[in-house]
Each structure stands twice: as structure tokens, then as C-alpha cells.
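**Student:**
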Amino acid sequence: MGKITKIKLQETSKRANIFIDGKFKFGLDIENILLSNLKLGQEIDEARLKELVFKGEVSRLLERIGKFLAIRPRSEKEIRDRLSQKLYKRELSEFIDRVKLKNSVLEKLSKLDFIDDEKFAKWWVQQRNQFRPKGKRALMVELRTKGVDDEAIKKALAFLGSEKDLIKRLTDKKLKTLQRFSKKQKKEKTIQFLLRKGFSWEEIKETVGLID
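Per my numbering, residue 3 is the first one in the sequence shown, and the count goes up by one each step.
Put into C-alpha cells, the structure is as follows:
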């Protein structure tokens, strides 16, 4: 049994440090402090202390992952990997189960709709198509690397138009940068460019054959 002797706001986040019997014990976000009705002079037994410390770690990780997700949407694998990285670096109280902590954070993120590989895959394909167009094979490799399953990838790729149209568009754009080269060089450079974009020879040979 211990007594809350101090609740000190942290300077750089919406959290506070909780002191028990004059010693720092854990940090907790303001929302959980209010929901838990914590106040100075309150007696805290060991079971309650463990519960509050666990909540504090969950909220801290959610805050860190929130910053990670603010940059761009993430696949479930990316989120799991980042959580593992944060937990590996974090020194936790001996009574906190790391697996349980990680699963609690993932569950909350899922409820908040931050974990959805189908939505992530569609976003990824749309962004690539708009800013850095690639062939479906290249996109599939990228999404598999991010842990997205084939069914979700298939649904995302279904939003793309014809590969033939994309190849023509990319070829025309590339040729504008190759005006000073010979016909042979234009073809060679365009072929290499399209292959790097994830298209096969069978897919590009017709368009490349029209280069003059």
C-alpha cells in the first residue's frame, strides 16, 4: 500500500508523472488520470499500482505509434515491427508482460480503425499510381514486403486501369527525356526503365516496338 504524494505534469506531452510515497512510480496520460479518479493523498495498493502502470505504458506506446501513423498509413506488419522496436528499447517494470502490452496496444489501434491492410493496400496503390506509377508485379512485391496478404493485394490492384495504358503513358513520358539519343538507345533505355517499373518483356514489347 502506498499514497499518491505528487502528480506532476510532463512538459512535452499530455501526461503526468505519478509519485508514490515521495518516489516517482509511473507516467500516465491526463485522460486516464481523470478516468481513474487519481488524486493527491489517495491510497494505492499493489494490484491497483500494477494496473495503473500497465495503462501508463499502453498510453505511452499509443502516443508514440500515433506519431508514426501521422506520417502516412501503415500496414499491420509495419505497426507490429515498430511496436516491437519500441518495446525492445524500453525498460519496463518487472511485472509487465511485454506480449500482453503489445497485444493491448494492437487491440486499441484496431478498434480505432488504424489497422486495416485492405485499406492500406488501396491507399498504397493509389499513391503509387498518382506519384510513382509501377506495374502490378512491382506493387505486389512492395505490398508483400509490408506483410499484406495476397487477397488484400488483389483487391487493391483491381482499382488500377489497363497495364497497356500505363505502359504507353510511362513510355511517352520517358521518351521526352531521351530526345538526344539514337533510336536504338531510346529503345534500350526505355526497356530498362519499364523493366525496373515491374513490367515483363511480354507486356512492354508491343509498345517499345513502336518507338521511332
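Idealized CB from N, CA, C, for every residue including glycine.
Return helix, strand or coil for N105, following the three-state DSSP convention.
**Tutor:** Looking at N105 - three-state DSSP - the assignment turns out to be helix.
**Student:** If R192 and K207 are in contact, beta carbons under 8 angstroms, what's the gap, nearest whole angstrom?
**Tutor:** The residue asked about is misnamed: residue 192 is Thr in this sequence, not Arg. The pair is not a contact, with the Cβ atoms about 11 angstroms apart (cut-off 8 angstroms).
**Student:** Rounded to the nearest angstrom, how far is the Cβ of E59 from that of L94, given a contact under 8 angstroms?
**Tutor:** That belief holds up - the Cβ atoms of E59 and L94 are roughly 7 angstroms apart, short of 8 angstroms.
**Student:** Whose C-beta lies closer than 7 angstroms to the C-beta of A140 among residues of the same chain, with five residues either side of it excluded?
**Tutor:** Hits under 7 angstroms: K199 and G200.
**Student:** Counting only runs of 3+ residues fully inside the segment 62–94, write out the beta strand (DSSP E) ranges in chain order.
**Tutor:** Entirely contained in the segment 62–94, not one beta strand (DSSP E) run reaches 3 residues.
**Student:** Runs of 4 residues minimum, wholly inside the segment 174–201: which ones carry the alpha helix (DSSP H) assignment?
**Tutor:** Those alpha helix (DSSP H) runs which fall completely within the segment 174–201 and span 4+ residues are 185–198.
**Student:** Mind checking who I6 pairs with in its DSSP beta bridge?
**Tutor:** Bridge partners of I6: I22.
**Student:** Are the segment 121–130 and the segment 48–62 in contact at 8 angstroms, needing three or more beta carbon pairs?
**Tutor:** With the cut-off at 8 angstroms, the segment 121–130 and the segment 48–62 do not touch.
**Student:** Between A72, L145 and I81, which lies nearest to L159 when the distance is taken from Cα to Cα?
**Tutor:** Considering only alpha carbons, the answer is L145.
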